[in-house]
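In full-length UniProt numbering, the protein residues as written are 1 to 568.
Quick reminder that beta carbons are idealized off the backbone N, C-alpha and C, glycines included.
Source: prediction; values computed, not measured.
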């Protein structure tokens, strides 16, 4: 048996390099491999089945906490929070190390001025065996937090700009605007279409995230269920050291849908996550859960014909039936990228072998026919996830993969008319400019046309060749679009643009005034789109919408915590 995780990660990386071309290295010819070849190589050379599962130990918790203390003294608070969360993950169930970890986290949050969040961690510390010998210090910090809030030092509980859905909602889909439908055409496949006129600033979707995969670097800062980057609030899995959650609700749902299949092989999944984010096996287990772990029933359903025109908007999300959601995922017809064939096979094989080490998985997937189905489904769902998932990159370039039944319908364009924002476990869509009845709604999953400084390769990000109006250069529509970028800009519009810039850039303008000014301008001068003069304004508008969402979510969270821990 093997304890050397770094060596195991290295072996997987070497195997990946053999089967998958690295875009950073000089190109070399790599043939298309049969999945059986890749599976045998991964089975023989990765030695995943020999990896010993890492247990929770108080020794590990203390070591992580001491690392956190070092960063705390250096006032490197984000690193301190990361190590305190790692300490929480390593702490044995029922140990005082849990309470001490939460207590130390509250000290960081107090220093950051996040008094409400500090109170939340103090409450968790008291519930998790915080030692009596240290209690006086914890209670003093609790009193200081409440006093700082009473003295007006909270970061605020009132949003500067509300970012919830601000139009009538679909009664069957409470997180989607009324008047949004699904379209289908040969070029784009399924998509979202406006069934009535909408305006800039209309928040047309606010969908909860239920299926995600996160990078190992986000393990101690993101919720494993909804992807929320809420490192100040995370609680650990009580059994393994490799999962954290933003709430008890997320922890319970994650166990029901996925983690019961992951927990006993969490170390193997951690190693596998260095070569791939585990969203596609979660899609498989999401489905298996809906069939009550009846694999034969799932196999029978799998053989039924996929309907690419299946409409997820017909699901009654107000009375959620996750079987219908799974059927929506299953019926996605992926846009395949032949260049990713080896990569997808490699990823599926790694997860196939890792999951089959789990006693529960082996008890359900026990025959050779069932194992063949498992591998085939992993390959198919990897294509689905690769084709439809939204990849969210944070400021440190760490990725989260999200698959959502409604937002996933929205097609990509490098000239989007909607901005997609992922925060605190939800995905919002806000319109950037007017969308008329019958027009398709597009968002951008890669840098938009106005992001001229981006050096990112769109093909690598999108996993497909973009055929939007910007990129399909041979089409008549694209030639017309490009011809409009440099056309003369009307004098009255130029004057209004100067006024807009003055409002947006004025240091005393509040966020709401800036957002409203941009919305009014884009509504009034929608006929001028596209024009290169509008690019910087669209970029600024997207940034403002993102910031408004973040600040609103944080203000509402502080308000909730104040109501729970202060206003008693």
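Rounded C-alpha distance that separates residue i from residue j
{"i": "residue 207", "j": "residue 329", "result": "15 Å"}
{"i": "residue 35", "j": "residue 166", "result": "49 Å"}
{"i": "residue 509", "j": "residue 424", "result": "27 Å"}
{"i": "residue 455", "j": "residue 487", "result": "Bear in mind that a pLDDT of 48 at residue 455, under 50, signals an unreliable position, so the model cannot answer this."}
{"i": "residue 109", "j": "residue 365", "result": "45 Å"}
{"i": "residue 551", "j": "residue 245", "result": "21 Å"}
{"i": "residue 251", "j": "residue 42", "result": "32 Å"}
{"i": "residue 464", "j": "residue 218", "result": "26 Å"}
{"i": "residue 371", "j": "residue 254", "result": "24 Å"}
{"i": "residue 405", "j": "residue 212", "result": "12 Å"}
{"i": "residue 280", "j": "residue 303", "result": "18 Å"}
{"i": "residue 299", "j": "residue 66", "result": "49 Å"}
{"i": "residue 566", "j": "residue 504", "result": "37 Å"}
{"i": "residue 47", "j": "residue 216", "result": "20 Å"}
{"i": "residue 173", "j": "residue 323", "result": "16 Å"}
{"i": "residue 270", "j": "residue 243", "result": "10 Å"}
{"i": "residue 484", "j": "residue 107", "result": "56 Å"}
{"i": "residue 544", "j": "residue 511", "result": "8 Å"}
{"i": "residue 94", "j": "residue 450", "result": "53 Å"}
{"i": "residue 468", "j": "residue 541", "result": "22 Å"}
DSSP beta-bridge partners of residue i
{"i": "residue 358", "result": "Per DSSP, none; premise fails for residue 358."}
{"i": "residue 424", "result": "In DSSP, residue 424 forms no bridge with anything."}
{"i": "residue 412", "result": "443"}
{"i": "residue 207", "result": "427"}
{"i": "residue 390", "result": "402"}
{"i": "residue 212", "result": "402"}
{"i": "residue 194", "result": "180"}
{"i": "residue 189", "result": "185"}
{"i": "residue 169", "result": "177"}
{"i": "residue 244", "result": "236"}
{"i": "residue 418", "result": "431"}
Among the options, the one whose alpha carbon lies nearest that of residue i
{"i": "residue 524", "options": "490, 289, 319 and 422", "result": "490"}
{"i": "residue 412", "options": "387, 423, 434 and 405", "result": "387"}
{"i": "residue 197", "options": "435, 47, 89 and 547", "result": "435"}
{"i": "residue 104", "options": "88, 95 and 116", "result": "88"}
{"i": "residue 148", "options": "123, 113 and 470", "result": "113"}
{"i": "residue 159", "options": "548, 565 and 312", "result": "548"}
{"i": "residue 400", "options": "493, 228, 80 and 58", "result": "228"}
{"i": "residue 556", "options": "120, 157 and 402", "result": "157"}
{"i": "residue 496", "options": "521, 515 and 476", "result": "521"}
{"i": "residue 445", "options": "96, 438, 415 and 437", "result": "415"}
{"i": "residue 19", "options": "526, 133 and 341", "result": "341"}
Residue-level contact to chain D via CB, residue i, 8 Å cutoff
{"i": "residue 403", "result": "In the structure shown, chain D cannot be found, because there is only a single protein chain."}
Integer Cβ distance of residue i from residue j, believed to fall under 8 Å
{"i": "residue 268", "j": "residue 289", "result": "With 8 Å as the limit, residue 268 and residue 289 do not qualify as a contact, their Cβ atoms being about 21 Å apart."}
{"i": "residue 102", "j": "residue 125", "result": "4 Å"}
{"i": "residue 264", "j": "residue 92", "result": "With 8 Å as the limit, residue 264 and residue 92 do not qualify as a contact, their Cβ atoms being about 17 Å apart."}
{"i": "residue 183", "j": "residue 440", "result": "6 Å"}
{"i": "residue 361", "j": "residue 355", "result": "5 Å"}
{"i": "residue 292", "j": "residue 326", "result": "With 8 Å as the limit, residue 292 and residue 326 do not qualify as a contact, their Cβ atoms being about 12 Å apart."}
{"i": "residue 205", "j": "residue 407", "result": "6 Å"}
{"i": "residue 8", "j": "residue 51", "result": "6 Å"}
Environment of residue i [buried if 16+ CB atoms lie within 10 Å]
{"i": "residue 131", "result": "exposed"}
{"i": "residue 162", "result": "exposed"}
{"i": "residue 553", "result": "buried"}
{"i": "residue 1", "result": "At residue 1 the pLDDT is 48, less than 50, meaning the model places this residue with poor confidence and gives no usable figure here."}
{"i": "residue 499", "result": "exposed"}
{"i": "residue 534", "result": "buried"}
{"i": "residue 75", "result": "exposed"}
{"i": "residue 225", "result": "buried"}
{"i": "residue 351", "result": "buried"}
{"i": "residue 153", "result": "exposed"}
{"i": "residue 128", "result": "buried"}
{"i": "residue 144", "result": "exposed"}
{"i": "residue 133", "result": "exposed"}
{"i": "residue 334", "result": "buried"}
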